[in-house]
Amino acid sequence: MTALKDLRLAMVGSGNMVEAMIGGLLRRELAGPQQVVASGPRQERADELHKRYSIDVTTDNVKAAHDADIIVLGVKPLTLPIVTSELRGKIKPESLVISIAAGARIKSIARGLHHQAIVRVMPNTPAQIGQGISVWTATRQTDERQRAQAQQILSALGEEIYMQEERYLDMATAVSGNGPSYVFLFMEAMIDAGVHLGFPRRVAQELVLQTMAGSVAFARQSAMHPAELRNMVTSPGGTSAESLYQLEKGSLRTVVSRAIWAGYQKSKLLGDLSEAQKEEEDSH
Ligand SMILES: NC(=O)c1ccc[n+]([C@@H]2O[C@H](COP(=O)([O-])OP(=O)(O)OC[C@H]3O[C@@H](n4cnc5c(N)ncnc54)[C@H](OP(=O)(O)O)[C@@H]3O)[C@@H](O)[C@H]2O)c1
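Read in our numbering, the sequence shown has 155 at position 137, and its numbers run on one by one without any break.
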């Protein structure tokens with residue numbers, strides 16, 4: 019049975035990620051359209067969402083959130099402080115707040131809303147087709163029932179992994195949140211290399227996409243370590259060995275490791291900055 023039965027869900031900020039969530043919830047029948055209300059600043063967007071999903075819509079965030087049992091904050095991180103101060107004192111104390119805003123720490127959201135039951139999530143873009151992976155954490159003021167509700171909402175975006183400590187969210191930002199951008203860059207580099215060899219771009223693209231999709235499916239099904247899978251296609255003195263030698267010589271592993279480390283440091287820094295900004299605003 020759905021953990022969301024009879025609950026009222028408010029989506030405050032209804033852009034791409036929230037639309038993916040609404041679509042997934044309705045498609046998987048985890049919630050009905052009458053349970054969902056979406057808010058945002060533009061009437062045209064509200065009309066579009068109503069037409070597409072038959073959900074309730076409004077341009078008034080407070081109206082959407084005031085009687086909701088679960089409030090999803092789907093605005094951009096820079097808009098979040100505006101929305102939290104708008105909603106401060108306007109949501110039911112027993113409601114659950116779920117923030118998907120990248121980098122916004124629980125402490126800042128709690129201070130902005132004067133609310134403690136909060137789930138913070140780092141989703142990623144394949145969520146748009148229900149193939150994402152979200153890493154999430156929850157405050158100790160959330161109960162088991164609310165965590166089950168959060169888990170079900172996030173399942174609408176794909177896989178989800180709960181971590182007990184918030185510090186993992188910065189790590190998730192660098193690995194899975196930003197991850198699709200690394201994969202797309204690698205994809206692009208391989209396609210361009212195929213075109214360099216002489217393949218028509220369309221053919222190079224199909225070769226690369228299916229090679230990636232097939233390799234992921236194979237790695238999942240075989241449950242072997244990636245090194246074992248790689249060794250299987252690396253004949254002594256062969257062509258793979260030659261190409262892999264060049265990738266190692268170009269320090270691919272070190273570059274990847276440095277890139278992910280840099281993303282992690284940046285995520286922590288942005289979190290610190292937004293927390294400091296919130297503290298300064300509150301002191302005025
Ligand atoms: N996309 C990703 O891969 C990804 C990954 C991880 C985390 N996230 C997080 O997910 C959140 C949403 O991202 P997104 O890609 O869905 O962005 P988006 O499409 O730009 O959605 C943001 C929505 O917020 C609306 N909005 C702006 N001001 C508002 C206000 N004052 N009150 C209510 N709504 C307002 C926008 O409306 P208008 O369009 O009318 O301005 C827009 O519909 C962000 O915080 C982002 O950090 C996204």
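Each residue gets a CB set at the ideal place from its N, CA and C atoms; glycine is no exception. Keep in mind it's a predicted model, so treat the numbers as computed, not measured.
- Message: How far does the beta strand (DSSP E) with Thr76 in it extend, from its first residue to its last?
- Response: Along the sequence shown, one-based indexing puts residue 76 at 58. Its beta strand (DSSP E) spans residues Asp74 to Thr76.
- Item | Identified DSSP bridge partners for Gly150 | Numbered from 1 along the sequence shown, position 132 holds the residue referred to as residue 150. According to DSSP, which records beta bridges pairwise, Gly150 is partnered with Gly176.
- Item | Those residues which DSSP pairs with Ala156 across a bridge | Taking the sequence shown and counting its residues from 1, one reaches residue 156 at position 138. Beta-bridge pairing links Ala156 to Val137.
- Cβ-heavy atom distance between Ser32 and ligand 1 below 6 Å? Translated into the one-based positions of the sequence shown, residue 32 becomes position 14. Yes.
- Measure the beta-carbon distance from His132 to Gly107 and round it to whole angstroms, keeping in mind my assumption that it falls under 8 Å. Within the sequence shown, residue 132 is the residue found at index 114, counting from 1. Within the sequence shown, residue 107 is the residue found at index 89, counting from 1. Yes, they are in contact, since the Cβ atoms of His132 and Gly107 sit about 6 Å apart, within 8 Å.
- Pro99 beta carbon near ligand 1 (any heavy atom closer than 6 Å): Here residue 99 corresponds to residue number 81 of the sequence shown, with the count starting at 1. No, the beta carbon of Pro99 sits no closer than 6 Å to any heavy atom of ligand 1.
- Given 8 Å, three or more beta-carbon pairs between the segment 218-238 and the segment 194-209: yes
- Just to confirm, are Ala56 and Ala145 a CB contact at a threshold of 7 Å? Walking along the sequence shown from the start, residue 56 turns up at place 38. Walking along the sequence shown from the start, residue 145 turns up at place 127. Cβ distance not < 7 Å, so Ala56 and Ala145 don't count as in contact.
- Task: For Ala231, count neighbouring Cβ atoms within 10 angstroms of its own Cβ and tell me buried if that reaches 16, exposed if not.
- Result: Indexing the sequence shown from 1 puts residue 231 at position 213. Its Cβ having fewer than 16 others within 10 Å, Ala231 is exposed.
- Query: Do Arg165 and Ala156 have their C-beta atoms closer together than 7 Å?
  - Reply: Numbered from 1 along the sequence shown, position 147 holds the residue referred to as residue 165. Numbered from 1 along the sequence shown, position 138 holds the residue referred to as residue 156. Yes, they are a contact pair.
- Can the beta-carbon of Tyr282 be found less than 7 Å from the beta-carbon of Asp188? Locating residue 282 in the sequence shown gives position 264, where the first residue counts as 1. Locating residue 188 in the sequence shown gives position 170, where the first residue counts as 1. Against a cut-off of 7 Å, the Cβ pair of Asp188 and Tyr282 comes out as a contact.
- Task: Check each candidate in Ser32, Arg219, His214 and Phe204 and name the one with the smallest Cα separation from Ile89.
- Result: What you label residue 89 is simply residue 71 of the sequence shown in a count that begins at 1. Answer by Cα proximity: Ser32.
- Query: Which residues in the same chain have their Cβ closer than 8 Å to the Cβ of Gln134, if we skip the five residues on either side of it in sequence?
  - Reply: Residue mapping note: residue 134 aligns to position 116 of the sequence shown, counting from 1. So the list reads Ala128, Thr157 and Gln159, once near-sequence residues are dropped.
- Sorted by chain position, which residues of the same chain lie with C-beta nearer than 8 Å to Val201's C-beta, five sequence neighbours on each side aside? Walking along the sequence shown from the start, residue 201 turns up at place 183. Correct list, in chain order: Met230.
- Separation of Lys125 from Glu47, as counted between CA atoms: On the sequence shown, residue 47 is found 29 positions in, with the first residue counted as 1. On the sequence shown, residue 125 is found 107 positions in, with the first residue counted as 1. So the alpha carbons of these two residues sit roughly 33 Å apart.
- List the endpoints of the continuous beta strand (DSSP E) containing Ile88. On the sequence shown, residue 88 is found 70 positions in, with the first residue counted as 1. Ile88 to Leu91 is the extent of the beta strand (DSSP E) around Ile88.
- Alpha-carbon spacing of Arg139 relative to Glu298, whole angstroms: Here residue 139 refers to the residue found at position 121 of the sequence shown. Here residue 298 refers to the residue found at position 280 of the sequence shown. Sequence check: residue 139 is Val here, not Arg. Distance between the alpha carbons of Val139 and Glu298 is about 25 Å.
- Message: Using a Cβ-based criterion (distance less than 6 Å to any ligand heavy atom), does Val115 qualify as near ligand 1?
- Response: By one-based count along the sequence shown, residue 115 stands at place 97. Val115 Cβ: outside cutoff for every heavy atom of ligand 1.
- In chain order, what residues of the same chain lie with their CB nearer than 6 Å to the CB of Gly150, ignoring the 5 residues before and after it? The residue you call residue 150 lines up with position 132 of the sequence shown. Scanning its chain for C-beta atoms nearer than 6 Å, with the 5 sequence neighbours on each side dropped, one finds around Gly150 the residues Pro141, Asn142, Pro144, Leu175 and Gly176, in chain order.
- Query: Do Asn79 and Val137 have their CB atoms nearer than 7 Å?
  - Reply: Counting from 1 along the sequence shown, the entry for residue 79 is found at position 61. Counting from 1 along the sequence shown, the entry for residue 137 is found at position 119. Not a contact, by the Cβ cut-off of 7 Å.
- Cβ-Cβ separation, Glu178 to Gln169 (assumed contact under 8 Å), whole Å: Within the sequence shown, the letter at position 151 stands for residue 169. Within the sequence shown, the letter at position 160 stands for residue 178. Gln169 to Glu178, Cβ: 6 Å. Contact.
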